[in-house]
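To start, the structure under review is shown below, and the notes come after it.
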Amino acid sequence: MLMTRHKKRKTMKRSGAKLLAPVVVAAAAAVAARPGWAQAAPYPDPGRRGDPASWRTPEFTNAWGLGAMHAEYAYAAGYTGANVAIGVLDSGYYAQHPELPDSRFVPVTAAGVSGVLNPNNNNHGTLVSGVVGGARDGVGMHGVAPDATVYEGNTNATDGFRFGVSDPKFPASDAKYFAEAYDALAAKGVRIISNSWGSQPANENYSTLNKLTDAYKLHEAVRTATGRGTWLDAAAKVSRDGVINNFSSGNTGYDNASLRGAYAYFHPELEGHWMTTTGYDQLSGQVYNQCGIAKWWCVMAPTGVPSTSYSGGAAAPTGATYANFNGTSAAAPHASAALALIMERFPYMTSEQALSVLFTTAQNMEPDPSRPDYTNNGLFSTVHPAKPGASGVPNAFGGWGLVDLRRAMNGPGQLLGTFDAALPAGTADVWSNDISDVALAARKREDDAEHRAWLDTLRTKGWEHGLPAGASDGDRIDYALGVARETAYQAREYQGSLVKSGGGTLTLAGANTYRGPTTVDGGELRIDGSIAARAVVNPAGWLTVNGRAADIAVNGGVATIAGTSANLSIDRQGRAAVTGTTADVRVASGFASLGGTSGSVAVGALGVAAITGRTADVAVDGGRASLDGASGNVAVGNGGVVSGSGTVRTLTAAANGTVAPGHSVGTLTVSGDVRFAPGSIYAVEVSPGGAGDRIVAGGRAQIDGGALALALENTPPPLTPEQSRSVLGRRFEILNAAGGVAGRFDAPSGYLFVNPVLAYGPTTVSLTIDRNATPFASVARTANERGVADALETADPGSAVYNSVLFAASAQAPQATLAQLTGEIYPAAYAALVNESRQVREAALERLWTARGAPGRAGAWARLLGAWGSARGGDVNGYTSSTGGFLAGADAALLDGVRAGGFAGYSHTGVNLRNQPSSASFDSFHLGAYAGWQPGALGVRIGAAHAWHRGGVDRAVQYGAVAENETTALHAETTQVFGEAGYRFALDGAATLEPFFGVAYVHLKNQGTTETGGAAALRVRQGNHDVTFSTLGVRGETRLGLTSRLQLTLQGSAGWQHALTDGQPSGTLAFATGSDTFIVSSVPVAKDAAVLNVGAGLELGKNGWLRVGYSGSLASRQSEHAVQGSLHWKF
């Protein structure tokens, strides 16, 4: 803030003014010598990334405040204010000044008043603008943020404007204008508004808190009297919306900042978006109003610096120049622009977070009693000598201290509550400051005292239950203020905490001592320095510790610890890898890789620990731990499992705890004693190569029962003959205790068909494996499986198939193997061929029925057919089948009513076994003869047919880890004879009805064959299969005249088919490598079935007849459907 005495600066004779005068003169001379603005050549800036000294040009040093705030370190890091919008509200700016180019300085209009200088203004706004963002162009001076975009609002007055509410020239009603001005700046997206405008009202005094409160009450009185807010309400409104307002603290030398600077004291909710700035003199001193009660949102910044100005008056300026700029009016824009650099440096931070960086990285300043107060640089107030402090706590003298951009570039200096560092994915940052929260601890002490005083006030004034009726205006304001501050006290956090969110990476490189937790909600947090309080890693987070950390809780996220941490806990399926050092480790749910040095380890029911380093005692309570390093006493129980090949001090297996040395076959070394309690489990793997799991103890082994569970080492069955011989009958030492073995295990278990047998010596326990008496058929579920199981018992014990069942640990695996070994595709194929025979005889019988009305005529016919069927078994696999083919024949009338003929044909049949990858297919060749006698209404029809079937079988077999494909050629022949008799009744019109009875005998002979493929190949013996069917039914026919020459014939029949003999197809098989034979059956031929036939025929002239039809056989577990097309011709 520049007071009315600013006009005297040019003529003051104080000795200190000599420091600044040459700078202002040199700057002014540079402007005078400067070529036309539009013709100026681009400035070749010598500043380089990473080289702060390269930025200290004459232009930089002329503006000494830049060096005082270490701005060159921000520039060298690449931050000059680009992409940050700063707001300035002041007395207009001189838009023709070359330091304030229109490419970055943008006037904002409010209530018709532009931010550009007008006759109502003076040069104050131009001076402020130069400090904020004057161009770095090699001439004169430059601003703190020389690449920032500056939006300029106008007070439409000179700096003599009084910012109180009692100046008759500027009444409180102008709050409406300021509301428009603040809103217009906020609408441009500014993140901070720098306020140096106006002067202190004559009737306001800020020397004490009580007098500051009196000034506040003047504003409140105006609000009460007018029903409208004041201009301070307009400023507070945009701050509540997220814009930071920075106010100069005042120039009268009071112990407190002005009311506007201290306004957040009366409205605590504004903290975080409100600040004030006091002055810092070039000779290291505090000048003008101190921070006082506003210390928690106050900093020091340079004053008495050169800045942009103009010659002539505001109504008609005559040219650009420079002038000395002092008062806190000069300090505030330094701090505002410094905040803009911090915002650019940390684009992921909120405005409040960036402000906290400005505060907590400032250099603490405190009074220097070794030097007397002095005057300097034409400053119009006494300067109080200052020296750097180290408390980290703001004070009434200078608030947080002198702005320090060098330190601010390294991240926060303290955390003022919970700091959510939301780095977007793909970004990374390093905070290298030593981050503390000492200021919050100090504030807690202060706030506690204020809280106690407020409680005393409530009791003293009788306000414990609220204000009494008729309370004075002063009491109402005091009460509202007390309630607001008490509410803020109750809500305020008094320890610093860090939350890392977003997908980016943040590294903490300093020695951090903030007391609150560190939470990783997203992305990665790296600790290259240290943190002093607990860290929590949530599901989307990753914590990397290369330095030192306190306790770490991994709740679903990931932690890697190459440095040092205190206790480590893992839950919610979190993961942690330790290659450094931790204290105790608890794995409740998740995974821990412990390759470094750890304290005790506790593993819960859902936890897994892989120990390859050194640990203290290990307790496994329901989870799993692999011990491949060196551990202390190990205890396992409650469903837990320990494995590995490391070394432990002692080993105790409690009830339901499992010890499984190695990771396949391995040795677990115990330097002391081993104990197996009742109900514990010793899981032993043996290798077909002859090795086995072992426990080698230097102490005593106490075995108080417990189960011994045997398994083969990662070798899925079947074993090779050599492997089988190396296991059966071999002795494996599974326990060696130098101090002796006492006690016995319970009966060992592990496999269905082999028994582990234990032998105990003085210091050893050994195991051998022998075949037991349990038959393979004990796990069979069906007769077919029992048959193949019995045959497998007689197979070569060295065969892969035999061994796949022999070393089964449960019934499930051998059951699946036996189901695939049965060869059920063979009887299923036989059944399908028997069912196919129906299509052949139906074709012959249909021809005789169709030709019955053409005596004395010869004829020929052809038939296309397609059929499909399915069968479902009880304890056997069903099958599906399909057939396609054709038949053709000829016949003639031999005697009166007698017709005879013959036929031949071809068909292809495919059969697929249900639930098994087995199939068969056949090409069939048919030859047959038929005859019929129709002396009248009675009809007798007979026939015989023979078929040759040439095909093959394909079976895919999986047993153990072996997959094989067994194939073979399969040949068979079918012979059938058939006949039927019926009596035809003529109905009205052209319809007839014929009850009929038929019999068919089918004989199928299959040839023997042997599969090729693998150990599961089968040998099939030759066999015969006979079945006799009877059919009782009725058929009918009617003719419809479509035209005089075209006639349609409709036919249909329905009957009951009954199998007169047992029709369950079966086969006799054996293993191709040698075994007893076994019988395997398929789905029986249906004992009873409904047979249907419908068709339609159309005459083709006098001699031809075309028929299409459907036939089906439907039973409870079987069905077959067919469609046919027939052509008949008479000669």
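Under the working numbering, the residues of the sequence shown are numbered 134 to 1264, in order.
Every residue gets a Cβ at the ideal spot worked out from N, C-alpha and C, and that includes glycine.
Next item on the list: May I have the straight-line CA-CA distance separating valine 973 from proline 947, to the nearest angstrom?
Entry: 42 Å
Margin query: Given this structure, state the Cα-to-Cα distance separating leucine 1183 from arginine 1168, to the nearest angstrom.
Written below: 11 Å
Notebook entry, point to check: So is arginine 585 buried or exposed if we call it buried at 16+ other beta carbons inside 10 Å?
Noted result: exposed
Checklist line | Nearest neighbour of glycine 86, chosen from Arg1152, Tyr443, Glu1170 and Leu1247 [CA to CA] | finding: Any answer about residue 86 is impossible in this case: the structure gives the chain only from 134 up to 1264.
Notebook entry, point to check: If you check the beta carbons only, do glycine 655 and glycine 636 fall under 7 Å apart?
Noted result: yes
Notebook entry, point to check: If you draw a straight line from the alpha carbon of tryptophan 994 to that of aspartate 1029, how long is it in whole angstroms?
Noted result: 21 Å
Notebook entry, point to check: According to the Cβ coordinates, are methionine 433 and methionine 476 closer than 7 Å?
Noted result: no
Next item on the list: Could you name the residues of the same chain whose beta carbon sits closer than 6 Å to that of leucine 1260, not counting the 5 residues immediately before and after it, in chain order?
Entry: Ala995 and Leu1239
Notebook entry, point to check: Taking DSSP as the reference, what is the three-state secondary structure of valine 323?
Noted result: coil
Item checked: Contacting residues, own chain, Cβ-Cβ under 6 Å from glutamine 1180 (five flanking each side not counted) -> Arg1172, Gly1174 and Glu1232
Notebook entry, point to check: What is the rounded straight-line gap between the Cα of valine 239 and the Cα of leucine 392?
Noted result: 29 Å
Next item on the list: Specify whether the segment 806-813 and the segment 785-796 touch according to this definition: at least 3 beta carbon pairs, one from each stretch, less than 8 Å apart.
Entry: yes
Checklist line | Residues sharing a beta bridge with proline 1128, DSSP | finding: Val1167
Notebook entry, point to check: From Gly790, Pro177 and Arg1117, pick the residue whose C-alpha is nearest to that of aspartate 839; which is it?
Noted result: Looking at the sequence itself, residue 839 is glycine, so the reference to aspartate does not match. Measuring from the Cα of glycine 839, the nearest candidate turns out to be Gly790.
Next item on the list: Check glutamate 313 in the structure and name its three-state DSSP category.
Entry: helix
Next item on the list: Give a yes or no on whether the C-beta atoms belonging to asparagine 1098 and glycine 1043 are separated by under 7 Å.
Entry: no
Checklist line | Bounding residues of the alpha helix (DSSP H) (the contiguous stretch that carries alanine 1219) | finding: Element bounds for alanine 1219: n/a, residue is neither H nor E.
Notebook entry, point to check: Buried or exposed: where does phenylalanine 193 fall if 16 or more other Cβ atoms within 10 Å of its Cβ makes it buried?
Noted result: buried
Next item on the list: Could you pull the start and end residues of the beta strand (DSSP E) that tyrosine 893 belongs to?
Entry: 887-893
Notebook entry, point to check: Could you give the distance in angstroms between the alpha-carbon of valine 158 and the alpha-carbon of tryptophan 587?
Noted result: Because valine 158 sits at a pLDDT of 47, beneath the cut-off of 50, its placement in the model cannot be relied upon, and the point is left open.
Checklist line | Inter-residue spacing [alpha-carbon to alpha-carbon] between glycine 1093 and glycine 1076 | finding: 52 Å
Margin query: What does the alpha-carbon distance come out to for the pair leucine 639 and threonine 950?
Written below: 57 Å
Checklist line | Integer-rounded CB distance, given that proline 889 should sit under 8 Å from leucine 843 | finding: 4 Å
Check: Taking the Cβ atom as the reference point for each residue, do tryptophan 330 and aspartate 223 lie within a distance shorter than 7 Å?
Finding: yes
Note to self: From the DSSP secondary-structure annotation, give me the bridge partner or partners of asparagine 253.
What the structure shows: Partner(s): none; asparagine 253 has no beta bridge.
Checklist line | 6 Å Cβ shell around glycine 1245 - same chain, five flanking residues per side excluded | finding: Leu1225 and His1254
Item checked: Touch test, the segment 824-832 against the segment 861-881, Cβ-Cβ under 8 Å, three pairs minimum -> yes
Check: Starting from histidine 796 and walking both ways along the alpha helix (DSSP H), at which residues does that stretch end?
Finding: Careful: histidine 796 lies outside any alpha helix (DSSP H) and carries neither H nor E.
Check: Are the segment 688-703 and the segment 714-724 touching by the rule of at least three beta carbon pairs closer than 8 Å?
Finding: yes
Check: What does DSSP give as the partner residues of serine 1040 in its beta bridges?
Finding: Gly1018 and Ser1057
Note to self: Does the structure place the segment 379-396 close enough to the segment 603-616 that three or more beta carbon pairs sit under 8 Å?
What the structure shows: no
Checklist line | Sequence-distant residues of its chain with Cβ nearer than 6 Å to asparagine 338 (five each side left out) | finding: Lys344
Item checked: Where leucine 1179 sits in the DSSP three-state scheme -> coil
Margin query: Taking only three categories from DSSP, how would you classify valine 669?
Written below: strand
Item checked: Short Cβ contact (7 Å threshold) for leucine 491 with alanine 204 -> no
Notebook entry, point to check: alpha helix (DSSP H) containing phenylalanine 492: first to last residue?
Noted result: 484-493
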